[in-house]
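Trainee:
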């Protein structure tokens, strides 16, 4: 009951896990590592094979994938695969520390290998959830200089039902991403602030403001009402 295998179009080890433990608002916005307003390094699924397991206070997930994601086919003259893994440990009730890494070789059309390292912590109880992560990436180009990227994200939910009895909550998130260490003043900052209402177990209403400040030129502010139906 604590092991599983996915073969074919499979979840990659990280994003689905984070969306069930750290960032619970996929209906509103993607995680930092996937979001193109943030890191945009990988997406959530790919053709490959994925193994997952759990024992005592530890859980893990690892696999081998094409590396381009479900939206693109592989086209490589070399190894061309992506080796990915996650390891998590529950230190105490509600507190989980995780590490995650991706080694994607010969990414299609990019002429480089991508190496991602990530640490993540989340604390969740009936009153609040708070999560933080740091991501570092190195892109090794076959011709040209390597590129180092890095950034972090912090998000939290304040669960007002524990205080008021009404299933309301407040959410907030801040992302910082530097897409190239060698270039100054090109960072992206992303802010999300909103409130949500859980109507039973299957319906959630959210209103939020999503603000992107990109020093390369993009600056946008988006107000979003969102309804999620989940079974």
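Numbering (my numbering), first residue to last: 4 to 234.
The C-beta atom is built at its ideal place from N, Cα and C for all residues, glycine as well.
Using CA coordinates, which residue listed in 129, 67, 23, 150 is at the minimum distance from residue 106?
Mentor: With distances taken between Cα atoms, residue 106 lies closest to 67.
Trainee: Return the residue from the list 38, 210, 87 that minimises the CA-CA distance to residue 52.
Mentor: Here the closest residue by C-alpha is 87.
Trainee: Using CA coordinates, which residue listed in 210, 141, 157, 145 is at the minimum distance from residue 151?
Mentor: Residue 151 has its Cα closest to that of 141, out of 210, 141, 157, 145.
Trainee: For residue 29 and residue 211, what's the separation of their Cα atoms in angstroms?
Mentor: Going by the C-alpha atoms only, they are around 13 Å apart.
Trainee: Quick one: Cα of residue 149 to Cα of residue 101, how far?
Mentor: Looking at the two C-alpha atoms, the distance is approximately 27 Å.
Trainee: So which of 213, 60, 44, 4 has the shortest CA-CA distance to residue 174?
Mentor: The option with the nearest alpha carbon to residue 174 is 213.
Trainee: Where does residue 164 sit, in a helix, a strand or coil, going by DSSP?
Mentor: Residue 164: helix per DSSP, three-state reduction.
Trainee: For residue 61, count the other beta carbons within 10 Å of its own beta carbon; 16 or more makes it buried, fewer makes it exposed. Which is it?
Mentor: The residue is exposed, with fewer than 16 neighbouring Cβ atoms inside 10 Å.
Trainee: Can you grab the Cα-Cα spacing for the pair residue 65 / residue 16, in whole Å?
Mentor: Straight-line Cα distance between these residues: approximately 6 Å.
Trainee: Closest to residue 125 by C-alpha separation, out of 115, 93, 216, would be which residue?
Mentor: The residue with the shortest Cα to Cα distance from residue 125 is 93.
Trainee: I'd like the span of the alpha helix (DSSP H) that includes residue 23, first residue to last.
Mentor: 18-24 is the extent of the alpha helix (DSSP H) around residue 23.
Trainee: Output the boundary residues of the beta strand (DSSP E) element that contains residue 205.
Mentor: Unbroken run through residue 205: none, as it is neither H nor E.
Trainee: By how many angstroms is the C-alpha of residue 169 removed from the C-alpha of residue 97?
Mentor: Computed Cα separation, rounded: 22 Å.
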